[in-house]
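These notes concern the structure reproduced below.
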C-alpha cells in the first residue's frame, strides 16, 4: 500500500517502510502516480475537505532540468511497475527464471521439475514448454529493463544539455518524446499486457 504524508509532503510504500506516519493518507496506485507526476510537474498537493490529496497549480513553478528529468524518472518508475507489478512479484519472476534456466540446463528432467516451473505447467503445457515460456518472458522482461534504463539515462543527459544552452522547448519536447517511447517499450511485456 502507498501513502501520502501531508506533514512532510512525502510518499511511503508499506513494502519499503514499516513505520508509516499516522497522519499519512492511503493512496490507490492511480492516485499515487497522479500525485507524483503532478509534483514533478511543479504542482502542489493539498488535502481536500474529505481528507483526499488533490493537486493544484503552483503559480511559482518553472521548468528546470531537474523537473523534466523527474518526469522521465516518474514515467520509467511507472513503466517498471506496470511490467513487474509489485517488488515481490519481481522477486517471484526472478526466482521462476532461475529455476527454469536450471531445469533447462539439467535437460528438463521430469523427475525434478522445479516448483515455479510446475506451477506454470498448466492448461496442457508440458514442464519443458513451461520452462521455455518462463525463460522467454524473463528474457523479454530483462530486455525491457535494459532499454528503459538506456532510454531514461540518455534522455536525462540530453535534457540537461539542452537546458544548459537555454533550449527549454527542445528539452520539453525530448521529455515528452521519451515518455511516449517508454510507454511503447513496455507494450505487451510482463503485466503491462493485462
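In the numbering used here, the protein residues as written are 2 to 195. Ideal Cβ positions, reconstructed from N, Cα and C, are used throughout, including at glycine.
| Item | Value |
| --- | --- |
| Near the ligand ATP: residue 10 beta-carbon under 7 Å from a heavy atom | Looking at this structure, you won't find the ligand ATP or any other ligand, since it has none at all. |
| Environment of residue 164 [buried if 16+ CB atoms lie within 10 Å] | buried |
| 8 Å Cβ cutoff met for residue 160 and residue 172 | yes |
| Per DSSP, cross-strand counterpart(s) of residue 6 | 11 |
| Backbone secondary structure at residue 44 - three-state DSSP | coil |
| Counted within 10 angstroms of its Cβ, other Cβ atoms place residue 153 as buried (16 or more) or exposed | buried |
| Residues of its chain near residue 79, where Cβ-Cβ distance is below 7 Å and the 5 sequence neighbours each way are ignored | 34 |
| Simplified DSSP state of residue 111, which is helix, strand or coil | helix |
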